[in-house]
Amino acid sequence: MPATRDRRPRPGTPGRVLAWLPDGKPADAYSAPCPSRSALDRIADKWTALIVGALADGTLRFSELREAIDGISEKMLTQTLRSLERDGLVSRTVHPTVPPKVEYRLTELGRTLEAPLGAVRDWAERYINEVNAARADYERRASDSSARDG
Numbered sequence: 001m002p003a004t005r006d007r008r009p010r011p012g013t014p015g016r017v018l019a020w021l022p023d024g025k026p027a028d029a030y031s032a033p034c035p036s037r038s039a040l041d042r043i044a045d046k047w048t049a050l051i052v053g054a055l056a057d058g059t060l061r062f063s064e065l066r067e068a069i070d071g072i073s074e075k076m077l078t079q080t081l082r083s084l085e086r087d088g089l090v091s092r093t094v095h096p097t098v099p100p101k102v103e104y105r106l107t108e109l110g111r112t113l114e115a116p117l118g119a120v121r122d123w124a125e126r127y128i129n130e131v132n133a134a135r136a137d138y139e140r141r142a143s144d145s146s147a148r149d150g
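Residue numbers (UniProt numbering): 1 to 150.
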């Protein structure tokens, strides 16, 4: 586990503990050159949130993952799994059978995402009606504004 030190937290993030990068600077996703942005990009992806959730209960084969995540294409599942494997969040095991049996599971690092991504999925399911109402209201106001301006 990388060394971490306390740093003055940003507003809204009490008690934040950050990792220190090899160059001696603290990780800071608000800083454009910080490599933590690429990790944020990976975990903020909807397919990542759904794959991590599907793998939270254990190891799954590719076809089982595709069944568990309605609407994901084979191409997108393959790309996302490769990215998650590259980032150390998912491990891929190929069993020497005919046809080959390939299984995916969360790594120890990947398991650290279960709770935060679960909270995001829960939030999306809980507040979808409010989000949709806000979208409809926005579109109505934008339409009214266009009608007045045009």
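In this text, a Cβ means the ideal position worked out from N, Cα and C, and glycines have one as well.
- Going by C-alpha positions, ASP149 is about 38 Å away from ALA32.
- The C-beta distance from GLY110 to LEU89 rounds to 4 Å, short enough to fall under 8 Å.
- Distances from the alpha-carbon of GLU108 to those of THR80, PHE62, VAL52 and THR78 put VAL52 closest.
- Of all C-beta pairs linking the stretch 39–51 to the stretch 116–126, three or more are shorter than 8 Å, placing the two stretches in contact.
- MET76 and ALA54 have their C-alpha atoms spaced approximately 15 Å apart.
- Taken through DSSP and simplified to helix, strand or coil, LEU21 comes out as coil.
- In the same chain as ILE69, and ignoring 5 residues on each side of it, the C-beta atoms closer than 8 Å to its own belong to TRP47, LEU50, ILE51, ALA54 and LEU77, in chain order.
- SER36 is positioned such that its CB atom lies closer than 8 Å to that of ALA29.
- Comparing alpha carbon positions, the residue from PRO100, ALA147 and TYR104 closest to ARG66 is TYR104.
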